[in-house]
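Numbered as in the working numbering, the sequence shown ends at 352 without a single skipped number.
A virtual CB, placed ideally from N, CA and C, is assigned to each residue, including glycine.
As the structure is a prediction and not an experimental result, all values here were calculated from the model.
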Amino acid sequence: MRFSEQPPSKQWAALKCQGEKIAEVWLKPEGEPFALTFRISLKSFQLPGIGQRLTIENLLTAVGIATDEVESWRREDVSHPGMNGSNPELRHPLSPPQDVPHLTIYVRLKPPQAEAPTDSREPEIASEKWQDLESRWNAILGLEATIDTLRQRLESVRMQMEAASNKTLTGDEKVHALNADVAQWNKAKGRVHYALPKVKEFIHRATWAMGTPERKKLEELFKSHIQLHIPFPEIDQVPHQLEFLLKDRQLLSGQGVTVCQECQSISADIQGALRNLQSNAAANTRKKMSEARTKGKLF
54 MRFSEQPPSK
64 QWAALKCQGE
74 KIAEVWLKPE
84 GEPFALTFRI
94 SLKSFQLPGI
104 GQRLTIENLL
114 TAVGIATDEV
124 ESWRREDVSH
134 PGMNGSNPEL
144 RHPLSPPQDV
154 PHLTIYVRLK
164 PPQAEAPTDS
174 REPEIASEKW
184 QDLESRWNAI
194 LGLEATIDTL
204 RQRLESVRMQ
214 MEAASNKTLT
224 GDEKVHALNA
234 DVAQWNKAKG
244 RVHYALPKVK
254 EFIHRATWAM
264 GTPERKKLEE
274 LFKSHIQLHI
284 PFPEIDQVPH
294 QLEFLLKDRQ
304 LLSGQGVTVC
314 QECQSISADI
324 QGALRNLQSN
334 AAANTRKKMS
344 EARTKGKLF
C-alpha cells in the first residue's frame, strides 16, 4: 500500500529488529498527509549491534518508504533536505538523545505528482470551494490581528502592573494612612503576583503561534495557489488544516481577552485602593493639623 493510501495513526506502532523493539512510528501526525514521525528510545542505542543500524534510511525502509521520496527531515530544530535520496546524512547512524528519554525524528515526504487529465487541462475546482478556503484563511488572519492587539495591550498592562506592585508610600502617607486602607491596597497589589504568569504565557503563545511550520505552510499555499485559484494535490486536506488552525486561534484569542480583562480589573483595583488611601491620609493629615492649631490657641 502506498503511503498516501494509509490512514493516519491513532497510536505509536513498534518497529522491531530481531524481535526487539528499536523504534516507534506515527503516520500523518496532526493532519499532515505527507509526514511521519519516528521515536527512538535511549535504550535502543545501547542494544548490541543496533546503534550503527539506526539511520534515517533504515527507519524509512522499515515502513516501506524509499529515501528519494523524502523532501526533508528534522531533528529538534535542525532541518535537513532529502536531496532526492542523495543526502549522505540519510545513511549516517543517528546520535543518541541528550537529556531526554527519546530521540524524535520528523520526516516530510514529497507530495505525489498530480496526474494530468487526458485533455491536458487542470481539473476544475468549483469557485465555491476557493471562496470557502479564502474565507477560512481570512477569518484566521482576523483572529491573528486581534491576538496581536491583545499581545501589545498586555505587554503594556504588564509594565503598569509591575510598576504599581512595586510602588511605595511617601513618608507622610505612611504616617497618616489608615491601616485598613493600607491592607486593602496591599491586597490589591498581591493579585499581580498571580496574574503575571498568565500574561507572560499568553504573550509567549501569541508570539510563537505566528511562526509554526504548519502556519507557514498554509500561508505559502494561500499565496501560491488558493489566492490565485491554482489547483494543488493536497487541496482536500487543507479545509481540515484551516479548521484546526482557526479553532486554535479562537481559543488563543479567548484566553487573551480573559487575561486582559483580569489584568485591567487588577490595575483598576490597585489604582482605586491607592486613591482611597491617599485621600483618607490627606484628610487625616488636615484633621491632625486642625486639632494641633486648636490646641495651641487654648494655651
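| Asked | Found |
| --- | --- |
| Assign Ser139 to buried or exposed, taking buried as 16 or more other Cβ atoms, counted over all protein chains shown, within 10 Å of its Cβ. | exposed |
| Report the option in Ala217, Phe275, Gly243 and Ala334 whose CA atom is closest to the CA atom of Asn191. | Phe275 |
| Keeping to the same chain, check which residues put their C-beta closer than 6 Å to that of Ser132; ignore five residues upstream and five downstream. | Ser125 |
| On the criterion of 16 or more Cβ atoms from any shown chain inside 10 Å, does Gly325 qualify as buried, or is it exposed? | exposed |
| How far does the alpha helix (DSSP H) with His133 in it reach, from first residue to last? | Looking at the DSSP string, His133 is not in any alpha helix (DSSP H); the run it does join, the beta strand (DSSP E), is Val131 to Pro134. |
| Below 8 Å on the Cβ atoms is my contact criterion, and I expect Leu299 with Arg189 to pass it. Report the Cβ-Cβ distance as a whole number of Å. | 6 Å |
| If you draw a straight line from the alpha carbon of Leu231 to that of Lys341, how long is it in whole angstroms? | 13 Å |
| Buried or exposed for His229, going by 16 or more other Cβ atoms inside 10 Å? | buried |
| Between Ile283, Arg302, Glu226 and His278, which has its C-alpha nearest Thr260's C-alpha? | Arg302 |
| Hey, how far is the Cα of Thr265 from the Cα of Thr108? | 27 Å |
| Going by DSSP, what residue range makes up the alpha helix (DSSP H) through Thr157? | Segment His155 to Leu162 is the beta strand (DSSP E) holding Thr157; no alpha helix (DSSP H) there. |
| As a quick exercise: from Met214, Ser97, Arg92 and Pro292, pick the residue whose alpha carbon is nearest that of Ile158. | Arg92 |
| Tell me, please, which residues DSSP counts as bridged to Ile93. | Leu156 |
| Between Val123 and Gly135, which are expected to be in contact by the criterion C-beta below 8 Å, what is the C-beta distance as a whole number of angstroms? | 3 Å |
| Quick check on the DSSP output: the alpha helix (DSSP H) that includes Trp65 runs from which residue to which? | Neither: Trp65 is in no alpha helix (DSSP H) and is coded neither H nor E. |
| Report the CB separation of Glu85 from Pro164 in whole angstroms; it is logged as a contact under 8 Å. | Between Pro164 and Glu85 the Cβ distance is about 11 Å, and since that is not below 8 Å, they are no contact. |
| What's the C-alpha gap between Leu271 and Asp185? | 14 Å |
| If you reduce the DSSP assignment to three classes, tell me which class Lys74 lands in. | strand |
| According to the Cβ coordinates, are Cys70 and Leu207 closer than 8 Å? | no |
| In the DSSP assignment, find the unbroken alpha helix (DSSP H) run with Arg268 in it and report its ends. | Pro266 to Leu274 |
| Where DSSP assigns a beta bridge to Trp126, which residues make up the other side? | His133 and Val160 |
| Three or more C-beta pairs closer than 8 Å, one from the stretch 304-311 and one from the stretch 216-228: is that the case here? | no |
| Using 10 angstroms around the beta-carbon of Asp289, count the other beta-carbons present and answer buried if the total reaches 16, otherwise exposed. | exposed |
| Going by the DSSP bridge assignment, what does Lys81 pair with across the sheet? | Looking at the DSSP assignment, Lys81 forms no beta bridge with any residue, so it has no partner. |
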